[in-house]
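Going by our numbering, 203 is the number at position 116 of the sequence shown; the sequence numbering is gapless.
For reference, the structure is listed below as structure tokens.
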Amino acid sequence: MILDNNLEKIASIYASALLEIAIKENILSDIFRDIKSITDRYLISKDLLKFLSNPVITKNIKKKFLTDVLAKDVNILILHFFFVLVEKNRINLLFNIFLYFQKLYLEYSSIEKVQLITPIEFSDIQKQSLIDKLIKLRKVNKIELTMIIQPDLIGGFKIIINSDIIDLSLRNQLKLLQVYLT
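This is the structure in structure tokens:
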């Protein structure tokens, strides 16, 4: 969902506030886990967001629904956070708030998400070796590695970290050679 600058700023403020409270209450990993679970289970389909954003449905009905659906599965802070968003008519920003929160969580926890694109599957030893090297190079606590198999790379691999791409594929080397020779 693309937001204008004002709504982006509002979403980032809510995400920052949630992060601060979670840190203060020493429940940051629980909140992150709950947000990831809610995002995966409910927000992908957008049905929950449509229901909660519907102006015809009263705030009390929305809160009761949230309590019935989420109370057993999530930390009470998340439930109260939902209530605040319903009360302030900001529930439409939920997905963006959660995206900002996840980004802030990764930064705070010194975790980087890395995509590894290879023509063949890496062994567990190769993956761990790459993770160890990236942790040292990037000076982070943890690397979350996602592998993507792309046979047309021929050999080598690509690493994508944020917007940085390290292309060590044979296909890229051949392209560079072609440019150099022409």
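Glycine included, every Cβ here is placed at the ideal spot set by N, Cα and C.
Between which two residues does the alpha helix (DSSP H) containing residue i stretch?
| i | result |
| --- | --- |
| isoleucine 246 | Counting along the chain, isoleucine 246 falls outside any alpha helix (DSSP H), though it belongs to the beta strand (DSSP E) covering 245-248. |
| lysine 223 | 211-225 |
| aspartate 134 | 134-140 |
Helix, strand or coil, according to DSSP, for residue i in the structure here?
| i | result |
| --- | --- |
| leucine 232 | strand |
| isoleucine 114 | coil |
| valine 266 | helix |
| glutamine 237 | coil |
| lysine 159 | coil |
Can you list, in chain order, the residues of its chain with a C-beta nearer than 8 Å to that of residue i? Leave out the 5 residues immediately preceding and following it.
| i | result |
| --- | --- |
| leucine 180 | Leu90, Leu94, Ile97, Ala98, Tyr101, Leu172 |
| leucine 153 | Leu139, Leu166, Phe169, Phe170, Val173 |
Are the beta-carbon atoms belonging to residue i and residue j less than 8 Å from one another?
| i | j | result |
| --- | --- | --- |
| leucine 232 | serine 256 | no |
Sorted by chain position, which residues of the same chain lie with C-beta nearer than 6 Å to residue i's C-beta, five sequence neighbours on each side aside?
| i | result |
| --- | --- |
| alanine 109 | Leu115, Ile118 |
| glutamine 237 | Ile204 |
| aspartate 254 | Lys245 |
For residue i, which beta-bridge partners are listed by DSSP?
| i | result |
| --- | --- |
| aspartate 251 | Ile248 |
| glutamine 202 | Thr233, Ile247 |
Within the 8 Å Cβ cut-off, does residue i reach chain B?
| i | result |
| --- | --- |
| glutamine 189 | Any reference to chain B falls outside this structure, which holds one protein chain only. |
Leaving out five residues on either side along the sequence, give the residues of the same chain with a beta carbon under 7 Å from the beta carbon of residue i.
| i | result |
| --- | --- |
| isoleucine 184 | Ala98, Tyr101, Ala102 |
| isoleucine 178 | Leu139, Ser140, Leu172 |
| leucine 191 | Ala102, Ser103, Leu106 |
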